[in-house]
């Protein structure tokens, strides 16, 4: 349930509109996912262990021919989101794992490497109303700014989930 509410809130925060008509086009098990038309992106709330459902998401991406964000709420420790970004390709999809939500002081949303677990510690993505903007550098200028952005994102999620 937390992954679902977080996925919806993330879409609202960034300005993505889910297209209800698309649900009719995607067959089960993909029909419960959200499709944001402007960024051409599947938004997939997940309760599976990390990477547990990526094979299914891969098939959904192939069918829809678009990118995907798999959004998983933490099940232990600090309550946060873990996000995997899948980029659709003609031959195969390419995945970037270990991303966390990061918010600027002005509410700009980014996906940044999890400081504790990331395959590619240099790849960040800015979430905009249009397509994701991939950057080879994080939005934070130093370690403290990086921590502050993760804390702002976690506070946003805590408020969303009714945590203190």
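In the working numbering, the protein residues as written are 8 to 171.
No residue lacks a Cβ here, since even glycine has one placed at the ideal position from N, Cα and C.
In this text the structure is predicted, and so the values were computed from the model without any measurement.
Considered as a whole, the stretch 28-112 harbours 61-71 as its complete alpha helix (DSSP H) runs of no fewer than 4 residues, in chain order. Taking the C-beta atoms as reference points, residue 62 is found no nearer than 7 Å to residue 95. Taking all protein chains in view, the Cβ of residue 131 is crowded by 16 or more other Cβ atoms within 10 Å, so the residue is classified as buried. Considering only 83, 85 and 68, the residue with the shortest C-alpha distance to residue 77 is 68. In terms of Cα proximity to residue 113, the closest of 150, 155 and 101 is 155. According to DSSP, residue 120 shares a beta bridge with 106. Linking residue 109 to residue 87 through their CA atoms gives a straight-line distance of about 11 Å. Beta-bridge partners assigned by DSSP to residue 132: 118 and 141. Residue 134 places its beta carbon 7 Å or farther from that of residue 51.
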